[in-house]
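For the protein sequence lines, the chains are A and B, in the order given. Taking full-length UniProt numbering, I'd label the letters of the first sequence as residues 1 to 338. Taking full-length UniProt numbering, I'd label the letters of the second sequence as residues 1 to 338.
2 protein chains.
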Amino acid sequence: MAEGAAPVTMSDVARLAGVSTATVSRVVNERYGVSPSTIAQVRSAIELLGYESSLVATSLRRSRTNVLGLVTHSFQSYTAEVLKGVMDALTQSGFDLIIYANSDLYGTYSEGWEQRHLARLAGTLTDGCIVVTPSGEVRSGAPVVVIDPARDSTVPSVTADNLAGATVVVEHLLNLGHRRIGFIAGRSSLAAAWSREEGYRKALAAAGVPVDPGLIARGDFNPESAAPLARELLDRADRPTAIFTANDGMALKVLEVAKDLGLRVPGDLSVVGFDNIPESALVEPGLTTVDQSMYRLGYEAARMLKSLVCGDSEGPHQIVLPTRLVVRGSTAEPRNPM
Amino acid sequence: MAEGAAPVTMSDVARLAGVSTATVSRVVNERYGVSPSTIAQVRSAIELLGYESSLVATSLRRSRTNVLGLVTHSFQSYTAEVLKGVMDALTQSGFDLIIYANSDLYGTYSEGWEQRHLARLAGTLTDGCIVVTPSGEVRSGAPVVVIDPARDSTVPSVTADNLAGATVVVEHLLNLGHRRIGFIAGRSSLAAAWSREEGYRKALAAAGVPVDPGLIARGDFNPESAAPLARELLDRADRPTAIFTANDGMALKVLEVAKDLGLRVPGDLSVVGFDNIPESALVEPGLTTVDQSMYRLGYEAARMLKSLVCGDSEGPHQIVLPTRLVVRGSTAEPRNPM
DNA sequence: CTGAAAGCGCTTACAG
DNA sequence: CTGAAAGCGCTTACAG
Chain A
1 MAEGAAPVTM SDVARLAGVS TATVSRVVNE RYGVSPSTIA QVRSAIELLG YESSLVATSL
61 RRSRTNVLGL VTHSFQSYTA EVLKGVMDAL TQSGFDLIIY ANSDLYGTYS EGWEQRHLAR
121 LAGTLTDGCI VVTPSGEVRS GAPVVVIDPA RDSTVPSVTA DNLAGATVVV EHLLNLGHRR
181 IGFIAGRSSL AAAWSREEGY RKALAAAGVP VDPGLIARGD FNPESAAPLA RELLDRADRP
241 TAIFTANDGM ALKVLEVAKD LGLRVPGDLS VVGFDNIPES ALVEPGLTTV DQSMYRLGYE
301 AARMLKSLVC GDSEGPHQIV LPTRLVVRGS TAEPRNPM
Chain B
1 MAEGAAPVTM SDVARLAGVS TATVSRVVNE RYGVSPSTIA QVRSAIELLG YESSLVATSL
61 RRSRTNVLGL VTHSFQSYTA EVLKGVMDAL TQSGFDLIIY ANSDLYGTYS EGWEQRHLAR
121 LAGTLTDGCI VVTPSGEVRS GAPVVVIDPA RDSTVPSVTA DNLAGATVVV EHLLNLGHRR
181 IGFIAGRSSL AAAWSREEGY RKALAAAGVP VDPGLIARGD FNPESAAPLA RELLDRADRP
241 TAIFTANDGM ALKVLEVAKD LGLRVPGDLS VVGFDNIPES ALVEPGLTTV DQSMYRLGYE
301 AARMLKSLVC GDSEGPHQIV LPTRLVVRGS TAEPRNPM
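Here's what the structure looks like:
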């Protein structure tokens, strides 16, 4: 075992076994055409030295690495779900997974992180990559699958049916009797944000309820962005009886703001989020929201990437997964239906 | 941009800019001694081609990579917490993070995964590694920090104060009036499992309550391992009034078994876990457990690794973080105190 | 200020 | 069955 210094290399093994590195390589990779006695010698040298081939050197030399990459800009609780799905899809597949995250999240390098990481990994370290929620379009010579793509993205992707999810939310609120329904939008460059807003508008239109631009606020998915917007909406003389936000993080903020303003949820205000993050089940009252299975997004993305890498590119390359309304305590009939 | 095929290399940039790769390398790495006009030419070639240096090639050539590694065998919800802590400790540090997970989790390669992955990463791709819950001792030429080490491990590590945590649990149960307290142990090769059992024994001894070997069951942290053991404990004529398990996963199983047997919790049986995973707050009744901040374990491990890599190895290398009892609905006074 | 050359640890035709 | 040699994409002394 290399205890203190440099790691054990193939040359170390070759020297000890009295053969060339080419032969060691053949043994390590179980190629045919090595005599049994040589194999035994090399094996015991490997054992003795505790040799393990360098991932880096192997990747550089080979075109195929059997490693898939995943690039993300943060680790939220949903990221863990995505990773679980990815790993389950990769079990026994022969592909290992490398996740790359950079530390300058809030630094100058932030913009375009996905493209940069992708380029550094793809083609050498990895055979292909999954990119989670990129801020823009991504390009790569190697196969790529995007989870939650940017708007107008054309690369292979997996995403939840945000349009349908948002539609169901609004229908739920309309059925309860709400007519003034506020909306706090997400970062508009993301397809998800756009579709959720579209669902909001269409569902209102379909019900013959006019869309009041004054009830639409421009958030960016960041919980903090929602606080002033919620305050503004709720300070209006004709304040909404319900607020639907483009994600749960912002919805939880709305709950806080409502409490600060002395409004009871759901008595004075109904609140609905999107995503069904674990916290939404823990708050009091529980948050009504839309479940998109991050696990399945990860699972399907990994499956798609695997087949792209293997060259069998049959099947659709833009998968849309169903969503599901989860009704909890934060929604009810409005006190004074208008 | 390399649209279809091979990625853009440094030679491509060199050719376009009419210089050598050595010069391109100098520009990319902002070394002194390149004329402004050459810099401009190279920069525009890089821009035009969308060149990004290959992580693999750079790692192979350089001794220092400014990338830290993390090796884990699965993605549980606690893994996400660890990762958050690690990332926060690394923010703006100049170190990127690579997480390596292999797909043969349940295959022949399972045993010794941590050592193999470590050897493949350390020394070439990464400057040092964090290993999460290894099954045995790990060795590496490069710096390593272990989260939740194996028993008798001597490498730098970060772990929760499992002994104190388990002690407090037993004291809590004793204070409620329990005297027959069952224990379902974890995988004994892990230091955490051993300490939790030790805490259980010591706290009973300290209170003058004899330890009944018949009340100690040998689980392995896997929820499934707990079901038959719980059944056995609860089938006894002199069944325990409380069961303490070495982790939450097993405790949740005990709750299920109790329900199957028609035992009410906490009326007929008190149950306590360890870890405070999110699910323990969601079950009904809520699970009394011990919180170990996985976030902090990750944070401290990353801090320690960073300083080891940078060569300032002052400070302790075996950090033990405090734990905290979280009392929820699954514990109460025994119906018939003995 | 710039380039030719060696080499990081491997793998793979090509000889023998 | 085995080895010498080239080369994957970079970086870094060493010349000039």
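For glycine and all other residues, C-beta sits at the position ideal for the given N, C-alpha and C.
Proximity of residue i and residue j at Cβ, strictly below 9 Å
i	j	result
residue 265 (chain B)	residue 244 (chain B)	no
residue 146 (chain A)	residue 155 (chain A)	yes
residue 282 (chain B)	residue 89 (chain A)	no
residue 299 (chain B)	residue 131 (chain B)	no
residue 239 (chain B)	residue 180 (chain B)	yes
residue 221 (chain B)	residue 83 (chain A)	no
residue 270 (chain A)	residue 176 (chain A)	yes
residue 193 (chain A)	residue 246 (chain A)	yes
residue 119 (chain A)	residue 73 (chain A)	no
residue 116 (chain B)	residue 30 (chain A)	no
residue 207 (chain A)	residue 150 (chain A)	no
residue 199 (chain A)	residue 226 (chain A)	no
residue 189 (chain B)	residue 136 (chain B)	yes
residue 28 (chain B)	residue 56 (chain A)	no
residue 11 (chain A)	residue 21 (chain A)	yes
residue 335 (chain B)	residue 262 (chain B)	no
residue 294 (chain A)	residue 114 (chain A)	no
residue 182 (chain A)	residue 242 (chain A)	yes
residue 279 (chain B)	residue 297 (chain B)	no
residue 103 (chain A)	residue 97 (chain B)	yes
residue 38 (chain B)	residue 8 (chain B)	no
residue 255 (chain A)	residue 128 (chain A)	no
Chain-ordered neighbours of residue i on chain A, where CB pairs are closer than 8 Å
i	result
residue 90 (chain B)	103
Where residue i meets chain B, residues with beta-carbon distance less than 8 Å
i	result
residue 79 (chain A)	80 and 83
residue 10 (chain A)	The contacting residues do not exist; residue 10 (chain A) stays about 12 Å from chain B at best.
residue 35 (chain A)	Here the premise fails: no neighbours, minimum Cβ distance about 25 Å.
Amino acids of chain B, ordered along the chain, whose beta-carbon sits closer than 9 Å to that of residue i
i	result
residue 100 (chain A)	55, 67, 96, 97, 98 and 99
residue 52 (chain A)	115, 116, 117, 118, 119 and 120
residue 7 (chain A)	119, 122, 123, 124, 140, 141 and 142
Counterpart residues of residue i in DSSP-defined beta bridges
i	result
residue 242 (chain A)	A:181 and A:270
residue 212 (chain A)	Paired residue(s): none; residue 212 (chain A) is not in a bridge.
residue 98 (chain B)	A:100 and B:69
residue 157 (chain B)	B:146 and B:318
residue 12 (chain B)	DSSP, once it has assigned bridges, lists no residue as partnering residue 12 (chain B).
residue 19 (chain A)	Beta-bridge pairing links residue 19 (chain A) to no other residue.
residue 128 (chain B)	B:68
residue 288 (chain A)	A:272
residue 342 (chain B)	Nothing can be reported for residue 342 (chain B), as the shown portion of chain B is limited to 1 through 338.
residue 326 (chain B)	B:289
Interface partners of residue i on chain B, CB under 7 Å
i	result
residue 75 (chain A)	80, 83, 84 and 87
residue 93 (chain A)	103
Amino acids of chain A, ordered along the chain, whose beta-carbon sits closer than 7 Å to that of residue i
i	result
residue 60 (chain B)	56, 57 and 60
### Message
Taking beta-carbon pairs under 9 Å, can you tell me which members of the segment 115 to 146 of chain A lie near chain B?
### Response
115, 116, 117, 118, 119, 120, 121, 122, 123, 124, 125, 139, 140, 141 and 142
### Message
Assess contact between the segment 12 to 19 of chain B and the segment 38 to 51 of chain B, defined as three or more Cβ pairs (one per stretch) separated by less than 8 Å. Is contact present?
### Response
yes
### Query
What residues in the segment 299 to 329 of chain A have a beta carbon less than 7 Å from any beta carbon of chain B?
none
### Query
Pairing CB atoms from the segment 284 to 291 of chain B with CB atoms from the segment 319 to 338 of chain B, are three or more of them under 8 Å?
The segment 284 to 291 of chain B makes contact with the segment 319 to 338 of chain B, as at least three CB pairs between them are under 8 Å.
### Against chain A: residues of the segment 271 to 286 of chain B by CB proximity under 7 Å
278, 281 and 282
### Message
Can you confirm whether the segment 233 to 243 of chain A touches the segment 201 to 208 of chain A when touching is taken to mean that 3 or more C-beta pairs between the two stretches lie within less than 8 Å?
### Response
A contact between stretches requires three or more CB pairs, one per stretch, nearer than 8 Å, and the segment 201 to 208 of chain A fails this requirement with the segment 233 to 243 of chain A.
### Message
Could you check whether the segment 116 to 129 of chain A touches the segment 62 to 70 of chain A, counting it as contact only if at least three pairs of C-beta atoms, one from each stretch, sit closer than 8 Å?
### Response
Yes: at least three Cβ pairs fall under 8 Å.
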